[in-house]
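Under numbering that gives the first Met the number 0, the sequence shown has 204 at position 205, and the numbering climbs by one with no breaks. Glycine included, C-beta positions come from ideal geometry on N, C-alpha and C. Reviewing the structure listed below.
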Amino acid sequence: MGSRLFNIQRRAAEHGRLRTGYTKGNRPVRSSTWVVSSHSEEHVTMAAKLWGGTPEQWSPLNSSVPQWRVITEAESIEALITPGDPLNQYNEMWSKGGCSRRCDGQTELLSRQPCLCARQFGEDWHLQSKGRVCSVTSRLNVMLPDLTGMGMWRAETHSFYAASEWGAMVDMILAGTDGKGFVPVTLRIEPRQRVANGETKKFPVVVVELRGVTPRQALSGPLATAVALNPSQGSALAIEAPKPGPSYIAEAEGGLTSEDVRDVWRRAREAGDVAPDGSDALSKELMAIALRKDEEAAQLDEDGAVEAEIVESEPSEAAGWPKVAVPGGRRS
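In structure tokens:
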């Protein structure tokens, strides 16, 4: 492998944006489906083939640089969370001159003052009308595995509710993967509503959820890249069914003699559920049950409750019953 510059952060190129709204003239419009925008006509054309819609040229507000966009027909799209921490969150206020406030929730970073919105409007400042306070801004960098190019796509939302959910989801994933490997997710636009002061407000929230893998798989360490790309075929990560140890114990307890217990152990050995040398915990528990069956039979014989039946059996080794220590210091 070649060398890298240590004083430059390596990052993939940004191919475009994933939006939940668009502009019609100078008027912003919310969208119930994803809007994909990019400087690359090829990327947008491919997105239209995958998710519907018609590619068109478009210029963002306050920008004279033309781009391409498509208002798709898809409420959800497949994506990959890439290695590292893909999420950035700030409370921001923008104007024609650029970003005038950027706050981490405690400190306004440009002026180094305590949160200006909370100081002016209290802890429910986010309920104020847009423009009076900062917008809760979350930016999630993902890879779209079915589009051309190896770069990143930025999903951005100004939803107060999505901010907490995105942060919790990404932090759980990072706790399991340590920021290594790819994780398959679905980005879904979910319609919600909120009732306050007798008024019902409807709004979309972007939900990030695991795709094709379970929490057990996602939190057990980095996924293999092949599994992340095709999670539906991730048989290598299929959760192993629990061993049927408890049923063996129940069968052994229901047996009449120690030989019945030995038969249970032999079946478990043939099924591969116990170690051939009897060193596993299940074997030892079965051997302890067999010893108890022998002791119970001897006690009954001494009391005259039953007539002992003499059964000639082959040596333990030949029968496959291991001679290993069992609880109580005895050997079977």
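Proximity winner among the options, relative to residue i (alpha-carbon distances)
i: isoleucine 70; options: Gly51, Leu60, Cys114, Arg191; result: Gly51
i: alanine 297; options: Ser134, Ile76, Thr256; result: Thr256
i: methionine 171; options: Pro65, Asp103, Pro221, Asp262; result: Pro221
i: valine 205; options: Leu139, Lys179, Thr213, Ser110; result: Leu139
i: leucine 173; options: Pro214, Lys95, Ser99, Asn196; result: Pro214
i: phenylalanine 181; options: Ala117, Ser37, Val169; result: Val169
i: serine 95; options: Pro59, Ser246, Ser110; result: One point to set straight first is that residue 95 is lysine, not serine, in the sequence displayed. For the residues Pro59, Ser246, Ser110, the minimum Cα distance to lysine 95 belongs to Pro59.
i: leucine 17; options: Lys48, Glu74, Arg210; result: Glu74
i: glycine 362; options: Ala287, His42, Ala223; result: No answer is possible for residue 362: the residues shown for the chain start at 0 and end at 331.
i: glutamate 368; options: Leu285, Lys201, Val226, Thr224; result: What the structure shows of the chain is the stretch from 0 to 331, and residue 368 is not part of that stretch, so it cannot be assessed.
Chain-order list of residues whose beta-carbon lies under 8 Å from that of residue i (same chain, five-residue window excluded)
i: proline 144; result: Glu77, Ala78, Leu79, Leu228
i: glutamate 55; result: Trp67, Arg68, Val69
i: glycine 178; result: Pro82, Gly83, Asp84
Element boundaries [alpha helix (DSSP H), containing residue i]
i: arginine 187; result: Counting along the chain, arginine 187 falls outside any alpha helix (DSSP H), though it belongs to the beta strand (DSSP E) covering 182-195.
i: leucine 139; result: Leucine 139 -> not in any alpha helix (DSSP H); beta strand (DSSP E) instead, spanning 134-142.
i: lysine 23; result: Careful: lysine 23 lies outside any alpha helix (DSSP H), inside the beta strand (DSSP E) at 13-23.
i: valine 34; result: It is not in any alpha helix (DSSP H) - valine 34 instead sits in the beta strand (DSSP E) that spans 26-37.
i: glutamine 216; result: 214-217
i: valine 263; result: 257-269
Beta-carbon proximity list for residue i, same chain, < 7 Å, skipping 5 on both sides
i: glutamate 13; result: Gly150, Met151, Arg153
i: serine 219; result: Gly175
Range covered by the beta strand (DSSP E) that runs through residue i
i: proline 203; result: 198-209
i: methionine 92; result: 86-94
i: glycine 97; result: 97-102
i: tryptophan 124; result: Looking at the DSSP string, tryptophan 124 is not in any beta strand (DSSP E), and its letter there is neither H nor E.
i: glutamine 56; result: 55-57
Paired residues, beta bridge with residue i - DSSP
i: isoleucine 80; result: Val141, Val182
i: lysine 129; result: Val132
i: methionine 151; result: Glu13
i: isoleucine 70; result: Val34
i: serine 75; result: Arg187
i: glutamine 112; result: Glu107
i: threonine 156; result: Ser137
Beta-carbon contacts of residue i that lie in its chain and below 6 Å, excluding the five residues immediately before and after
i: alanine 11; result: Gly150, Met151
i: asparagine 25; result: none
i: lysine 199; result: Reading off the sequence, residue 199 comes out as threonine, not lysine. Taken in chain order, the residues that qualify are Gln192.
i: alanine 195; result: none
i: methionine 92; result: Ser99, Arg100, Cys133
i: glutamate 250; result: Val263
Cβ separation of residue i and residue j, assumed to be a contact under 8 Å, to the nearest whole Å
i: alanine 289; j: arginine 261; result: 6 Å
i: glutamine 127; j: phenylalanine 120; result: 6 Å
i: glycine 20; j: valine 35; result: At roughly 12 Å, the Cβ-Cβ gap does not stay under 8 Å, so glycine 20 and valine 35 are not in contact.
i: glutamate 155; j: threonine 136; result: 7 Å
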